[in-house]
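Undergrad: For the record, the sequence lines run as chains R and S.
If you count the first sequence from 1, you need to add 435 to reach the working numbering.
If you count the second sequence from 1, you need to add 435 to reach the working numbering.
So that we are looking at the same thing, I have put the structure below in structure tokens.
There are 2 protein chains.
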Amino acid sequence: MKERFELHPWTIIKRGFSAEDNPICESVFSLGNGHMGLRGNFEEGFSGKTLKGTYVAGVYYPDRTKVAWWKNGYPEYFAKVLNACDLIALDVALDGQPLDLAKTPPQDFVQTLDMQSGTLERKFTVSTSLGRSVSVRTLRFVSMAEKEIGALSYAVTADSGDVEVSFVSMLNGDVRNADANYDEVFWEPVSSDCTAEVAEITLKTKKTGYTVATAKADALTLNGKAVHLAPEISHDTLTAGSGYHINLKKGETLTLFKYFAVTTSRDVAETDVTKTAIERVNTAKKAGFDALLAAHKAAWQTIWAQSDIEISGDTAAQQAIRFNIFHLNQTYTGDDDRLNIGPKGFTGEKYGGGTYWDTEMFCLPFFLSTADARVAKSLLLYRYRQLSKAKENAAKLGLPGALFPMVTMNGEECHNEWEITFEEIHRNAAITLAIKNYIDYTGDVSYLEDFGIDVLVETARFWAGRVTFNARENQYMILGVTGPNEYENNVNNNWYTNRMAAFSLAFTVTAAGYLEKNAPEAYKRAKDRLGLSHHELSHFSAISADMYYPKSDDPELYIQQDGFLDKALIPAEHIPPEERPISQHWSWDRILRSCYIKQADVIQGIFNFPHEFSLPVKQKNFDFYEPLTVHESSLSSGVYSVVASEIGYVEKAYALFLRAARLDLDDYNHDTEDGLHITATSGAWLSMVYGFGGLRFTLEKLTLNPVLPAEWTDYRFNLVYRGTGFSVSVTKETVVLAHRGGEAAAVWVYGKEYFLEANQTITINR
Amino acid sequence: MKERFELHPWTIIKRGFSAEDNPICESVFSLGNGHMGLRGNFEEGFSGKTLKGTYVAGVYYPDRTKVAWWKNGYPEYFAKVLNACDLIALDVALDGQPLDLAKTPPQDFVQTLDMQSGTLERKFTVSTSLGRSVSVRTLRFVSMAEKEIGALSYAVTADSGDVEVSFVSMLNGDVRNADANYDEVFWEPVSSDCTAEVAEITLKTKKTGYTVATAKADALTLNGKAVHLAPEISHDTLTAGSGYHINLKKGETLTLFKYFAVTTSRDVAETDVTKTAIERVNTAKKAGFDALLAAHKAAWQTIWAQSDIEISGDTAAQQAIRFNIFHLNQTYTGDDDRLNIGPKGFTGEKYGGGTYWDTEMFCLPFFLSTADARVAKSLLLYRYRQLSKAKENAAKLGLPGALFPMVTMNGEECHNEWEITFEEIHRNAAITLAIKNYIDYTGDVSYLEDFGIDVLVETARFWAGRVTFNARENQYMILGVTGPNEYENNVNNNWYTNRMAAFSLAFTVTAAGYLEKNAPEAYKRAKDRLGLSHHELSHFSAISADMYYPKSDDPELYIQQDGFLDKALIPAEHIPPEERPISQHWSWDRILRSCYIKQADVIQGIFNFPHEFSLPVKQKNFDFYEPLTVHESSLSSGVYSVVASEIGYVEKAYALFLRAARLDLDDYNHDTEDGLHITATSGAWLSMVYGFGGLRFTLEKLTLNPVLPAEWTDYRFNLVYRGTGFSVSVTKETVVLAHRGGEAAAVWVYGKEYFLEANQTITINR
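Written out as structure tokens, the structure is:
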């Protein structure tokens, strides 16, 4: 493993320039605020390897499907979040020569992502063509306080003699997606303008018709004092630029402050989009760089106060967990319930930026525990709003009810591999489970009344239609599925899928029963709305009760699918290291017929229902499956780590945690350059809080069972639970529970109930 | 079913013009001679729906792979037989207006494919812009006597007044494949020329570098007498044309004879390709249309003498079986052992024109029984020559030995669907079985010595590496395969695949034993060449003997794969007619988890080993599987028909035969417009000769067990067996066996041996 980044609790530092590493650094140094995001590209031109990336949340394009052999039911398109107008572009020339670090390697290069304040800084020195040394310092942020605003400063100091400096501060709308199926341009120009004060480029997405306006305004200082240089302005349909030229004397520093704004027709009337962007950027410029930065830092301070995790004695772990939390918060804020969490957030294009089951299964717990309940509710409502599309999706497969898509932007299925699109249907139950977890955690049972019950009933109907009654076994089977372990395709009776379907059916009956008893009016409305009958609910119960599971000699060992035991079960440690990851070295058929597990499957089921399996059962299944698991999905090790902590395998849990947490920082899968594994970052958080912290909950209570890895002296995390804030500090000897605001509340620790008054701190011996 | 074509024993007649039907007619009216082929396009311009198609055998392009999600092991390209320079193009203008039947619908339109003589004729009348009536008659053939030559005549008669007629006789190299993945042009121009005597266009394929020269020369007659009209000549890099103009008096007929030649760098030194094409076309013109046509007809007469089947009392069947035999002979002649049989022959582009297992499994028996043994041997040698590529292919999957590709042009795998490419591996054993059948039928055991044994050993090695030893069953399993029934993917222990693998391993041991005993020198050479040991052969025997088959309560009912009986087994007749074919109406997952069978799978295995199962066993499996079979592959009904005949289900056999034989004429699958199902045409022949005729063979003897469908008064077919020709006539009362040349030979009929002297005829009572 190559250590690219220095270890530090709050910052990610890349010291020394490496053109080779640049795309990885660009991913790691991405900045975002839920509304928009930028990869860590250089401002000035760079002719080396780079993936330019500027993304605006919710602005996507339906890229025409590319498949070899069409199957009935495939979608016409794959929705892709668009690479948008480049906001940070700043052409720099020194002594008449364009600055390009690929051609003129810099000295003393340091790039620093400060996660506490959400800023990216870069410093280096270069020699000009005339041999003068120049220092450059840039600082950039995308405002967490004002979602449509970002700013950067670009400072050049003439160290060893006079230097001709020219800047062209640009907006560049001549962009395309690197992952376009047919290399098409997804934007058409709407307007562009550039005056001495402000520039704008407005583009509209083809087909989807989103108008996105970008505006920028510049300010300059010489040695820290405002200076006016008359700009040389230019623009065409796709670009706009303001050029500034100065003969910088030795020792002088010229700083350009570039303010940028992004507005879209998603938020503003289409006719006002451009005007609004210009207003926003003018306001930002008037406020000034320092004030904007201060507001941005304050916003991050609030976020960290809710979601920080501190680890003592292990800087690699400390840095990594903050890195994960930082990027999760940059990607999704819960302010806009039309948005969701793309697998790469704003850090790359792969997987198109659509919504996967990752959201419900991995990300939801993070937002439940670190943010107001409305954030988690936003995520639930996102699916609720797409229920009609999910019904269409099920109908396309000839099935009743609703099947939520594998990947989506607006509720329509985008994925186009039959073994996933049509068969990885367990995703449907992840949405059901999220409803249960949301209610259990927040206590907001009323969510069932107008939203939850609809999703529950329609997904249950899907399962009731999808099962096959088997007369020989007198049970219900689910044939032809792909489980979470995508290294098995088209199997029969995947234990996880059957278990989740049985849960989904049973929980729907439970929820209906609850409403009938406790909210009869709402229940009546729901029955009418959904055409729900007691007969149908009984059928749901019957299927759930009579679900078939793969036969096992040992009833406590759950078999991943029918026929799994026919495979050669050889622990993964026997795979030669040069053949790992097997996804990059083995042909697909070899992977499929092997026993190797890409990500938690049976273990995911055990994770999902923590109260339903005894510790010995959990341990038996962990002991059986973990050695066969290659963790080649970013979603795997976090879940295994949680179960490992629970069954007392704390060192194993620690190793798995570290793998999850440092996945991108250490580029485990050789793909960080494509972008970060944003949804997987929550796996690291899960292994901290659900794993080491042992957080579990029912509708009745919140419990903790903290353990402490040997590598650490202590750790602390924060929780929000039903409006009450807690901090939990775990040392070798104690668990310290501190009330941090809100109502008095009870927490169970190591099986014992503790009632915390406001601001009370309790110390519990371990 | 719409009856597009009139029923006639020797011709296919399309009476009345239909722009809508045109693409289907173009497929049906395709002409070819093994070296090249043309779809039945109109000579003159046609602005309606058309798939222009001109194909040259063995000239292909590696079209860059198009897949949604790359899997390790996928090929870089899909080889495609190229749409080549249009040879028949002839722009016609009448009274100054271009003739275009889409714009000026003709009267008295009749298109006639004469299968006996291999010609395509078209007649119609049209009105000119000045209201004059003109009769047109065209005749076309692609010479079976001289493979590089074709010719057409285009006669225009002024019926009702003087008409200005102009012809532009063209070569048009501005063509592309309709099925190109990225709409790329696959050709680059080499040269073009047009003189008063001859025109040529020479093109070269990109990447593969095949040079293909096309040349044409024209002759004209006025009222049957040669006339010289000075042509207006023109050419650019891709087209060449000769224009002729005449004022045709009422009652006069102008006929243009266009001769064309196609030569390629596959057959002629690259420097001579163009020159040779010009020489060929000049020679052809000198010989004249009538002489060329006479030679062509004579060649067809020879072919029909060997391969014709006569059916009395059922014109639909008679026409259909000849249609199938006609197209098989147009596609492959055995003259060039670098060639093979594409699924659409020269009638379309779909499936790329590569070689599939169709060749060995379906087409080989036809050529074995209707042509000299060298033709079948050519097909075997084609695979032998590609053995090293098949070894590379196995190595790509991490396996020993050789895996022949699913689709190939030069031995490299072209297919790119994991469930087929990597898993439909039963194809490998089809090649083994073809060797056994070739030897058994021809008696040419010596084929084993230098060619056969290599293929047998390397394919056996593949199986030995591909099986999984299962300690619980103490048997060998084959996990993760797709059987012939492609409506099941990635199943474990497909009975057919396991059975074929077991055969392949056992037959390899048998063949090695035979060589050791009977050709010890050759055996020693082979052992050295292949590094073969007795130990390895013993291992092959052990795997074959200990092969696992899906568990069945009834040992005489073979279960298609593990878990097949878990499905809902509902006969296909319960599928609503509007949902057939299910491939066009059901989503893929629904098809997969259904019990419905695309094409013979267990029944294919029973067909493959006719001597190894008792009639009651055959019947039991037929009764179980046929009702579950939807026959949505063109390769299905022929095989089922053969088994149905054998078990005495003659009416069922007849229905299945008719479906196979009239598949394209009646456009069963709504896809005839893409081209004909050339490899499937042999299924109709199989159901005639193996089915109704009951042909079977071992190395020791040839047997017949004829049955007669109630619809027929009698039928007759011809056979070549070890150099001896037979005709077999079956009536209600008798089987008449006639010796038609070659050595005296024995044939077993209804279990009794008959020895036929030269020219002897024997009548056997039924």
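Cβ coordinates follow ideal geometry from the N, Cα and C atoms, glycine included.
Over the uninterrupted beta strand (DSSP E) stretch that includes GLY472 of chain S, give me the two end residues.
TA: Within the second sequence, residue 472 of chain S is the residue found at index 37, counting from 1. Taken as a continuous stretch (DSSP letters only), the beta strand (DSSP E) holding GLY472 of chain S covers 471-473.
Undergrad: Against LYS1033 of chain R, what residues of chain S qualify as contacts under a CB-to-CB distance less than 8 Å, listed in chain order?
TA: Here residue 1033 of chain R refers to the residue found at position 598 of the first sequence. In chain order: nothing, as chain S lies at least about 14 Å away.
Undergrad: Based on the DSSP output, what are the partners of MET605 of chain R in its beta bridges?
TA: Along the first sequence, read from residue 1 onward, the residue named residue 605 of chain R stands at position 170. Beta-bridge pairing links MET605 of chain R to R:GLY676.
Undergrad: Looking only at its chain, what residues have a beta carbon closer than 7 Å to the beta carbon of LYS642 of chain R, apart from the 5 residues adjacent to it on each side?
TA: Translated into the one-based positions of the first sequence, residue 642 of chain R becomes position 207. So the list reads TYR496, PRO497, once near-sequence residues are dropped.
Undergrad: Per DSSP, which one or two residues make a beta bridge with ILE1197 of chain R?
TA: Taking the first sequence and counting its residues from 1, one reaches residue 1197 of chain R at position 762. Looking at the DSSP assignment, ILE1197 of chain R forms a beta bridge with R:LEU1172.
Undergrad: Does SER604 of chain S get closer than 8 Å to chain R when you measure Cβ to Cβ?
TA: Residue mapping note: residue 604 of chain S aligns to position 169 of the second sequence, counting from 1. Output row for SER604 of chain S: interface = no.
Undergrad: May I ask you to list, following chain order, the residues of the stretch 845-862 of chain S that have a beta carbon less than 9 Å from some beta carbon of chain R?
TA: So the close ones are HIS850, ASN851, GLU852, TRP853, GLU854, ILE855, THR856, PHE857, GLU858, ILE860.
Undergrad: Would GLY789 of chain R count as contacting chain S if we go by Cβ distances under 8 Å?
TA: The residue you call residue 789 of chain R lines up with position 354 of the first sequence. Chain S, which has no Cβ nearer than 8 Å to the Cβ of GLY789 of chain R, makes this no.
Undergrad: Looking at C-alpha atoms only, which residue of S:ALA808, S:GLU581, S:PHE938, S:SER1029 is the closest neighbour of SER979 of chain S?
TA: The residue you call residue 979 of chain S lines up with position 544 of the second sequence. Checking every option, the nearest Cα to that of SER979 of chain S belongs to S:PHE938.
Undergrad: Assuming LEU1063 of chain S contacts TYR1103 of chain S (C-beta within less than 8 Å), just tell me the rounded distance between them.
TA: On the second sequence, residue 1063 of chain S is found 628 positions in, with the first residue counted as 1. On the second sequence, residue 1103 of chain S is found 668 positions in, with the first residue counted as 1. Their Cβ separation, rounded to whole angstroms, is 19 Å, which puts LEU1063 of chain S and TYR1103 of chain S out of contact at 8 Å.
Undergrad: What in chain S is Cβ-close to ASP885 of chain R, meaning under 7 Å?
TA: One-based indexing of the first sequence puts residue 885 of chain R at position 450. Ordered by position in chain S, no residue passes the 7 Å Cβ test against ASP885 of chain R, which lies about 32 Å from the chain.
Undergrad: For ASP535 of chain R, would you say it is in contact with chain S, using Cβ-to-Cβ distances shorter than 8 Å as the test?
TA: Here the question's residue 535 of chain R lines up with position 100 in the first sequence. No, ASP535 of chain R lies away from the interface with chain S (no Cβ there is under 8 Å from its Cβ).
Undergrad: Within a Cβ cutoff of 8 Å, which residues of the same chain sit near TYR984 of chain R, ignoring the five residues on either side of it in sequence?
TA: For the purposes of this step, residue 984 of chain R is identified with residue 549 of the first sequence, where counting begins at 1. If we look at TYR984 of chain R and ignore the five residues flanking it on each side, its Cβ neighbours are ASN928, TRP930, ASN933, ARG934, TYR993, ILE994.
Undergrad: On a CA-only basis, which of R:ASP597, R:GLY596, R:VAL571, R:VAL600 is nearest LEU587 of chain R? Give me that one, please.
TA: Numbered from its first residue, the first sequence carries residue 587 of chain R at position 152. Checking every option, the nearest Cα to that of LEU587 of chain R belongs to R:VAL571.
Undergrad: Report all residues from its chain with a CB closer than 6 Å to the CB of TYR1125 of chain R; omit the five preceding and five following residues, and keep chain order.
TA: Locating residue 1125 of chain R in the first sequence gives position 690, counting from the first residue. Correct list, in chain order: VAL1077.
Undergrad: At a CB-CB cut-off below 8 Å, which residues of chain R make contact with GLY1129 of chain S?
TA: Start at 1 with the first residue of the second sequence, and residue 1129 of chain S comes out as number 694. Near GLY1129 of chain S there are no residues of chain R at all, since even the closest Cβ is about 38 Å away, more than 8 Å.
Undergrad: Look at the Cβ atom of VAL569 of chain S, then the Cβ atom of VAL598 of chain S, and state whether they are nearer than 8 Å.
TA: As a working mapping, residue 569 of chain S is identified with position 134 in the second sequence. As a working mapping, residue 598 of chain S is identified with position 163 in the second sequence. Closer than 8 Å, so yes.
Undergrad: Going by CA-CA distance only, name the one from S:SER1069, S:ASP1058, S:VAL1065, S:ALA1096 that's closest to ALA1079 of chain S.
TA: Taking the second sequence and counting its residues from 1, the one referred to as residue 1079 of chain S is at position 644. Out of S:SER1069, S:ASP1058, S:VAL1065, S:ALA1096, S:ASP1058 has the C-alpha closest to the C-alpha of ALA1079 of chain S.
Undergrad: So, is the C-beta of VAL1124 of chain R closer than 8 Å to a C-beta in chain S?
TA: What you label residue 1124 of chain R is simply residue 689 of the first sequence in a count that begins at 1. Not one chain S Cβ lies under 8 Å of VAL1124 of chain R.
Undergrad: Using three-state DSSP, classify LEU763 of chain R as helix, strand or coil.
TA: One-based indexing of the first sequence puts residue 763 of chain R at position 328. Here LEU763 of chain R sits in helix by DSSP.
Undergrad: By DSSP's criteria, MET982 of chain R is part of a beta bridge. Which residues make up the other side?
TA: Taking the first sequence and counting its residues from 1, the one referred to as residue 982 of chain R is at position 547. In DSSP, MET982 of chain R forms a bridge with R:TYR911.
Undergrad: Classify ARG964 of chain S as buried or exposed, calling it buried when 16 or more other Cβ atoms lie within 10 Å of its own Cβ.
TA: The residue given as residue 964 of chain S occupies position 529 in the second sequence. Answer is exposed; the Cβ neighbour count stays below 16.
Undergrad: Would you mind reading off the limits of the beta strand (DSSP E) that contains SER570 of chain S?
TA: Translated into the one-based positions of the second sequence, residue 570 of chain S becomes position 135. First-last of the beta strand (DSSP E) with SER570 of chain S: 568-577.
Undergrad: Can you tell me whether PHE440 of chain S is buried or exposed, with buried defined as 16 or more other CB within 10 angstroms of its CB?
TA: By 1-based counting over the second sequence, the position of residue 440 of chain S is 5. The residue in question, PHE440 of chain S, is buried, as its Cβ has 16 or more Cβ neighbours within 10 Å.
Undergrad: Tell whether a beta-carbon distance below 8 Å holds between CYS798 of chain R and ALA514 of chain R.
TA: Residue numbering aside, residue 798 of chain R sits at position 363 when the first sequence is read from its first letter. Residue numbering aside, residue 514 of chain R sits at position 79 when the first sequence is read from its first letter. It is not a contact, given that the beta carbons lie outside the stated cut-off.
Undergrad: Helix, strand or coil for THR805 of chain S? Go by DSSP, reduced to three states.
TA: As a working note, residue 805 of chain S is residue 370 in the second sequence. Here THR805 of chain S sits in helix by DSSP.
Undergrad: Compare the C-alpha of ALA661 of chain S against each of S:TRP739, S:LEU638, S:LEU689 and name the closest.
TA: Here residue 661 of chain S is taken as the residue at index 226 of the second sequence, counted from 1. ALA661 of chain S has its Cα closest to that of S:LEU689, out of S:TRP739, S:LEU638, S:LEU689.
Undergrad: Can you confirm whether the stretch 712-726 of chain R touches the stretch 621-640 of chain R when touching is taken to mean that 3 or more C-beta pairs between the two stretches lie within less than 8 Å?
TA: Taking 8 Å as the limit for Cβ pairs, the verdict is that the stretch 712-726 of chain R does touch the stretch 621-640 of chain R.
Undergrad: Whole angstroms are fine: how far does the CA of MET579 of chain S sit from the CA of ALA730 of chain S?
TA: Sequence index remark: in the second sequence, residue 730 of chain S carries index 295 (1-based). Sequence index remark: in the second sequence, residue 579 of chain S carries index 144 (1-based). If you take the alpha carbons of ALA730 of chain S and MET579 of chain S, they lie about 8 Å apart.
Undergrad: Using a threshold of 8 Å, state whether the C-beta atoms of TYR645 of chain R and ARG701 of chain R are closer than that.
TA: Here residue 645 of chain R is taken as the residue at index 210 of the first sequence, counted from 1. Here residue 701 of chain R is taken as the residue at index 266 of the first sequence, counted from 1. Result yes, Cβ atoms of TYR645 of chain R and ARG701 of chain R sit closer than 8 Å.
Undergrad: Distance cutoff 8 Å, beta carbons only. Does ALA957 of chain S sit that close to anything in chain R?
TA: By one-based count along the second sequence, residue 957 of chain S stands at place 522. Cβ-Cβ to chain R under 8 Å: no for ALA957 of chain S.
Undergrad: According to DSSP, simplified to helix, strand and coil, what is ARG1131 of chain R?
TA: Residue mapping note: residue 1131 of chain R aligns to position 696 of the first sequence, counting from 1. Looking at ARG1131 of chain R - three-state DSSP - the assignment turns out to be strand.
Undergrad: Checking contacts by CB at 8 Å: is MET436 of chain R closer than that to chain S?
TA: The residue you call residue 436 of chain R lines up with position 1 of the first sequence. Any answer about MET436 of chain R is weak, because its pLDDT of 46 lies below 50 and its placement is not dependable; what the coordinates show is given next. So no, MET436 of chain R is outside the interface.
Undergrad: Go to SER1164 of chain S, then tell me how far its beta strand (DSSP E) extends in each direction, as first and last residue.
TA: Taking the first residue of the second sequence as position 1, residue 1164 of chain S is located at position 729. Where SER1164 of chain S is concerned, the enclosing beta strand (DSSP E) stretches over 1159-1166.
Undergrad: Determine the direct distance from the alpha carbon of ARG907 of chain S to that of TYR922 of chain S, and round the result to whole angstroms.
TA: Against the second sequence, residue 922 of chain S aligns to sequence position 487. Against the second sequence, residue 907 of chain S aligns to sequence position 472. The alpha-carbon atoms of TYR922 of chain S and ARG907 of chain S are separated by roughly 29 Å.
Undergrad: Decide if LEU665 of chain S is buried, meaning its Cβ has at least 16 other Cβ atoms within 10 Å, or exposed.
TA: Indexing the second sequence from 1 puts residue 665 of chain S at position 230. Note on residue identity: the sequence assigns Ala, not Leu, to residue 665 of chain S. With fewer than 16 other Cβ atoms within 10 Å, it is exposed.
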